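K.L.:
Structure in structure tokens, see below.
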Amino acid sequence: MPTPRVVVAFASMLALASCVEPTETTVTGPSGATVSTAKCSQSPEGCFKKASETCKGPYQVVDSYSKSGGLVADIMPGPVTWYYMSYQCGKSDGRMPSFDFRGQSYQPPPVVVAPAYTPRTTTTNCNRFGNSVSCTSY
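The sequence shown lines up with residues -17 to -1, 1 to 121 when you count with mature numbering (1 follows the signal peptide of the UniProt record, and there is no 0).
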């Protein structure tokens, strides 16, 4: 059974992870239009909210994906799903993001099957000479 200290530490980490605000990066795309990428954890809702705040109106989803990461960052695979959504402010075609999973997935170790046990037939031949017995097994 976990100690109270472990329970409090785990609850604190979960609370901290839920407080992580969606972040946004902006670049100029090949057409000269501004493309923004929202990054959020726990739920894609944060990405939708960030896009709505940035554009203050309709926006076109350019790309979206998700990957696993840690509680506070997505540096390496972990227990939290991080969502990414690239978008352009302006007219939308109404296509919703799919947030397909990209990145590392769990690969179970290979199953090693031990060879079946087959009993060997052993023959033992013993000879007695007086008080001495000698045996040979083959």
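Ideal Cβ positions, reconstructed from N, Cα and C, are used throughout, including at glycine. Only a predicted model underlies this, so the values are computations on that prediction, with no experimental measurement involved.
For residue 45 versus residue 18, is the C-beta spacing smaller than 9 Å?
P.N.:
Yes; because the gap between Cβ atoms is below 9 Å, this pair is in contact.
K.L.:
Please state the DSSP three-state secondary structure of residue 35.
P.N.:
Three-state result, residue 35: helix.
K.L.:
Starting from residue 74 and walking both ways along the beta strand (DSSP E), at which residues does that stretch end?
P.N.:
Here residue 74 belongs to no beta strand (DSSP E), and DSSP marks it neither H nor E.
K.L.:
Mapping the DSSP letters down to three states, classify residue 7 as helix, strand or coil.
P.N.:
Note: residue 7 maps to strand in three-state DSSP.
K.L.:
Just how far apart, CA to CA, sit residue 29 and residue 23?
P.N.:
About 6 Å.
K.L.:
Taking 9 Å as the cut-off, decide whether the C-beta atoms of residue 47 and residue 14 are in contact.
P.N.:
No; because the gap between Cβ atoms is not below 9 Å, this pair is not in contact.
K.L.:
On the DSSP letters alone, give me the boundaries of the beta strand (DSSP E) that residue 21 sits inside.
P.N.:
Element bounds for residue 21: 17 to 24.
K.L.:
Thinking C-alpha only, which one of 4, 70 and 117 is nearest residue 12?
P.N.:
Answer by Cα proximity: 70.
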